[in-house]
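*Asks:* For what it's worth, my numbering labels the leading residue of the sequence shown as 12, then goes sequentially.
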Amino acid sequence: LSRQTLSEVVEPRYEELLTLLRNELRRSGFEDLVAGGVVLTGGSAKMQGLIELAEEVFHMPVRLGTPQYVIGMDEVMRNPVFATSVGLLIYARQNRFAKRPDLSAGGGIKGVWSRMGSWFRGNF
12 LSRQTLSEVV
22 EPRYEELLTL
32 LRNELRRSGF
42 EDLVAGGVVL
52 TGGSAKMQGL
62 IELAEEVFHM
72 PVRLGTPQYV
82 IGMDEVMRNP
92 VFATSVGLLI
102 YARQNRFAKR
112 PDLSAGGGIK
122 GVWSRMGSWF
132 RGNF
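1. Can you give me the C-alpha to C-alpha distance between Leu-36 and Lys-57, rounded to a whole angstrom?
2. Would you call the CB atoms of Glu-26 and Leu-64 closer than 8 Å?
3. Pick from Trp-124, Lys-121, Arg-14, Ser-96: whose alpha carbon is nearest that of Thr-52?
4. Does the region 33-50 come within contact of the region 71-90, defined as at least 3 CB pairs closer than 8 Å?
5. Does Arg-126 come out as helix, strand or coil in the three-state DSSP assignment?
6. Which two residues bound the contiguous alpha helix (DSSP H) that contains Val-49?
7. Specify, as a first and last residue, the run of the beta strand (DSSP E) that Leu-44 falls within.
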């Protein structure tokens, strides 16, 4: 495929997705709390031109988020692909001594799977 052909297919899908996110942000009432801007992470956030498109859709600053507070493997870890996993690891380390929730109160693992299934059925 030529780059132009691919762009003609991909760009409208990204714009549609960003518009859905903007509408959900408005619906939730959090739009005014995001005055500092939007941070995009993940591999698809590296798509050329996505930051500019997101700024047009959200009408606010948008930047590419990369993992922070990581020592070593700088070339690998300074990549938005790893932002969520690094953030979860940092969160887990900071909260490893926090009180653990009682899984039996919510139905244990079965309860977690049940709630996740309900969420997926309701949203997809």
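Even glycine gets a Cβ: it sits at the ideal position worked out from N, Cα and C.
*Replies:* Reading it off the structure:
1. 22 Å
2. yes
3. Ser-96
4. yes
5. helix
6. Element bounds for Val-49: not the alpha helix (DSSP H) but the beta strand (DSSP E), 49-51.
7. Leu-44 -> no beta strand (DSSP E), and no H or E assigned at all.
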